[in-house]
Amino acid sequence: MSALADVDPSKYTEGRDRYVNFAEDVLQLRLSREQKELLRALAEHQRVLIMSGNGPGKSFGVAIAKSAFLFTNLNSTVLGTSGSYSQYIDAVWRPMKTLHGEAKARVGLPGETYDGGQPTLEIDDDWFAKVVSPRDPGDLEGRHADSVLVVIEEADKKFITDEHFDSAGSSITDDNDRMIAICNPPKDETNPVAERLESDRWHTIQFSTLECHNVRVDAGELDEPKIPGITDLSTVIDDWEAWNDEPWPGLKEARRVSDSDSEDFREDLDERWYRRRAGIIPPAGAEAFRPFTREDVLDAWGRRDIARQVQSGHQAQATAVDVARSGDDTVASSVYDNVLKVRYEKQGTDHTEQAGRLRSILKDDAPHPIAVDAIGEGSGLEDLLAETFPTTIRFGAGSTPKAETKYYDCWAEGMHLFGQWLRNGGVIANRELREELLVAARILEFEEKHLASRGENGADVLKLTPKSEIKEVLGRSPDRMDSAYMTIWARDAEGDRRGVRSYYGDADGEASDWADTLASNSGVASYYDTDPDT
C-alpha cells in the first residue's frame with residue numbers, strides 16, 4: 004500500500020469511522036448516508052440487524068463492510084451466507100471481488116479471489132473471507148480467529164432459520180467479533196428476524212427507500228450528485244401507482260402514510276409497498292400481492308351481459324385448450340377483446356374424439372394462436388390439433404416464460420396477465436369458471452425469487468402459489484381457470500396482443516400476416532387455406 008504509506012494506521016483500526024475511512028480512502032467510494040450508518044454500526048456494535056426496503060444500497064454496503072472488516076483486522080475470518088444464495092453471489096460477492104481487484108491494482112491491497120462452490124478472498128491461510136451455503140447451518144459454527152465477522156444476507160427468506168442465527172452466534176465470542184443480519188421486512192412476526200428486532204442484544208437499523216440518497220437528490224433535498232445503483236424518485240413514484248393503484252400523493256405525504264409511528268399511517272396499502280419501499284413489516288390489513296382479487300372476479304362476472312353481444316361474426320383473438328387427465332374435463336376457451344367464452348367442455352380422455360369436435364368448432368375462425376396444455380397426456384391432443392392448425396402452441400405451466408426476467412414460469416406469467424385482463428374490463432360468463440376464480444383469488448399469492456440464470460446478472464422474478472392448493476380446496480382440477488389464463492397468455496404474452504408463438508416457427512408477426520407466412524412455410528391444409536393448391 005505504498006500510496007498510503009504516510010497514513011496513520013489507527014485511522015482504519017480505531018474509532019466509529021474506521022470502516023468509513025477505509026471505504027473512502029482505500030476503496031475510494033462515495034458513500035450514502037445509509038452505508039455510513041451501516042459501517043459505523045459495525046464498528047460499535049457486536050450484533051447488527053438491518054431491515055430495509057429495496058434500493059438504499061444495503062447489499063453493496065455489505066460488500067463494503069466485509070471488505071473493510073477483512074483488511075483492517077489482522078488474521079480475521081469473514082463468513083457470508085444468504086437466504087437467496089445466488090442473489091448473494093450477484094449482489095455481495097461480485098461487488099466485493101471488484102472492489103478488491105480495483106484496490107489491489109491501485110494501492111497494492113493483498114489477497115487473491117477464488118470462485119467456485121465457496122467463493123473466497125484469501126490473504127493468508129488464517130486470513131480470509133468465504134461465502135457458505137445456507138443449506139448447512141453448521142458451516143457457520145465455531146469459527147475461531149483473532150476477529151470474526153458473520154453476515155447473514157436475505158435473513159427474512161425461508162431458508163434462514165433460528166438454527167442459522169444460533170450457529171452464527173456460536174462464532175461470536177468476544178468484543179472483536181461481529182455479526183450482521185440484513186433483510187427486507189418479514190411478512191409477519193412469525194419470521195426469525197421479527198424476534199431479533201425486539202431483542203436488546205441486537206442493534207437495529209431501519210432504512211426506507213423514501214429517504215435514500217437518490218430520492219432526496221431528485222426531490223431537491225440534497226444538492227449532491229446521484230450515487231449509481233441506488234433507487235431514484237421516479238422508480239418510487241411508479242411503484243406507488245402500480246402497487247397501490249392510486250395517483251402519487253407527493254413525497255412528503257407518501258412518507259407520512261408509510262411511517263408506522265405517524266398518526267396518518269395507512270394500513271391498506273399493498274404489501275409490497277411496506278416491505279420494498281417503506282422498509283417495515285406489513286400491518287395486518289396490508290394487501291397481499293395477488294394476480295387478482297375477489298372483487299376483480301365479481302366485477303368481471305357482473306359484466307356478463309356483454310358476453311351475449313359476441314355473435315358468430317366476432318373473431319377470436321386467441322384460444323386455449325386445457326386437456327383432461329383421468330376424471331378431469333377438457334376445456335377450450337377463446338377471447339374476443341374483453342370477453343372470454345368457454346366454447347367446449349367434455350369430461351374424459353378420448354382425445355381423438357375431442358380433437359375432432361374442437362376442429363369442428365375452430366375451423367371457421369380467422370387465424371389466431373391456439374395454446375394447448377401439451378404436458379403428458381395432453382401432447383396427443385396437441386399433435387392432432389396441430390395437423391389442422393399450424394399456429395398451435397405447446398404450452399407448459401412450468402416452462403420458461405416469455406418475459407423470463409419477470410416471471411418464474413408460464414403459470415406465474417399467465418395468471419399475472421389474466422389478472423391484468425380482468426382489471427381492464429374483462430368479462431366472464433361461465434359459472435364454474437367464476438367459482439374456480441373465486442377460490443384462486445383467496446389462495447394465490449406472488450413471492451419474489453432470485454434466479455441467477457435469468458438476465459445478464461440474474462433477475463428477481465415472480466413465483467406463484469402452486470395450482471395444487473386450488474385443486475385441494477375445490478376437490479377437482481380448475482380446468483376452466485386453466486383454459487382461461489392460457490387463452491390470455493396466448494394473446495398477451497410479451498405484450499404483443501396478437502403475436503403468434505408456435506413451435507412450428509418463431510415468427511412474432513401480427514395475425515393478419517400469418518396466412519402468407521404459413522403458405523410459404525407449411526404444406527398443412529388448414530383453416531387458413533381451404534385449398535392448399537391455390
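Counting in my numbering, the sequence shown runs from 4 upward without gaps.
Built from N, CA and C at the ideal position, the CB exists for glycine as well.
For a test of the three-state rule: what should DSSP assign to residue i, helix, strand or coil?
i, result
"residue 259", "helix"
"residue 320", "coil"
"residue 411", "coil"
"residue 209", "strand"
"residue 449", "strand"
"residue 67", "helix"
"residue 85", "strand"
"residue 29", "coil"
"residue 398", "strand"
"residue 388", "helix"
"residue 350", "strand"
"residue 435", "helix"
"residue 249", "coil"
"residue 125", "strand"
"residue 75", "helix"
"residue 155", "strand"
"residue 106", "helix"
"residue 494", "helix"
"residue 466", "strand"
"residue 459", "coil"
Going by other Cβ atoms of all chains shown within 10 Å of its Cβ, with 16 needed for buried, is residue i buried or exposed?
i, result
"residue 147", "exposed"
"residue 121", "exposed"
"residue 355", "exposed"
"residue 282", "buried"
"residue 16", "exposed"
"residue 357", "buried"
"residue 217", "buried"
"residue 401", "exposed"
"residue 445", "exposed"
"residue 287", "exposed"
"residue 11", "exposed"
"residue 397", "buried"
"residue 439", "buried"
"residue 263", "exposed"
If you draw a straight line from the C-alpha of residue i to the C-alpha of residue j, how long is it?
i, j, result
"residue 63", "residue 233", "10 Å"
"residue 36", "residue 326", "56 Å"
"residue 39", "residue 23", "6 Å"
"residue 209", "residue 51", "11 Å"
"residue 178", "residue 116", "28 Å"
"residue 499", "residue 341", "In this predicted model, residue 499 has a pLDDT of only 43, less than 50, meaning its place in the structure is not dependable; the value taken from the coordinates is given anyway. Rounded to the nearest angstrom, the two C-alpha atoms are 16 Å apart."
"residue 107", "residue 84", "25 Å"
"residue 226", "residue 119", "43 Å"
"residue 49", "residue 13", "20 Å"
"residue 65", "residue 197", "20 Å"
"residue 511", "residue 494", "Low confidence applies here, because residue 511 scores a pLDDT of 32, under 50, leaving its location unreliable; read the following figure in that light. When rounded, the distance between both Cα atoms is 11 Å."
"residue 290", "residue 363", "45 Å"
"residue 428", "residue 395", "27 Å"
"residue 317", "residue 331", "30 Å"
"residue 522", "residue 385", "Unreliable placement is indicated for residue 522, whose pLDDT of 35 sits below 50; no coordinate value is reported for it."
"residue 616", "residue 235", "An answer regarding residue 616 cannot be provided, because it is not within the stretch 4 to 537 covered by the chain."
"residue 213", "residue 25", "28 Å"
"residue 132", "residue 167", "18 Å"
"residue 365", "residue 408", "34 Å"
"residue 243", "residue 104", "38 Å"
"residue 165", "residue 195", "6 Å"
"residue 390", "residue 367", "16 Å"
"residue 515", "residue 319", "No answer about residue 515 holds up, because its pLDDT of 31 lies below 50 and its placement is not dependable."
Would you check if the distance between the CB atom of residue i and the CB atom of residue j is smaller than 8 Å?
i, j, result
"residue 219", "residue 72", "no"
"residue 159", "residue 187", "yes"
"residue 430", "residue 343", "yes"
"residue 307", "residue 432", "yes"
"residue 246", "residue 275", "yes"
"residue 61", "residue 185", "yes"
"residue 378", "residue 392", "no"
"residue 279", "residue 56", "yes"
"residue 20", "residue 43", "yes"
"residue 405", "residue 496", "yes"
"residue 111", "residue 126", "no"
"residue 335", "residue 371", "no"
"residue 34", "residue 53", "no"
"residue 155", "residue 163", "yes"
Pair every Cβ in the segment 303-319 with every Cβ in the segment 446-459, then say whether three or more of these pairs are closer than 8 Å.
-> no
Is it a yes or a no for the segment 469-483 touching the segment 293-312, going by three-plus beta-carbon pairs under 8 Å?
-> no
Taking one C-beta from the segment 321-338 and one from the segment 407-414 each time, how about it: are there three or more such pairs within less than 8 Å?
-> no
Give a yes or no on contact between the segment 290-300 and the segment 416-430, applying the rule of three or more CB pairs nearer than 8 Å.
-> yes
Cβ contact (3+ pairs, closer than 8 Å) linking the segment 454-467 and the segment 75-92 | yes
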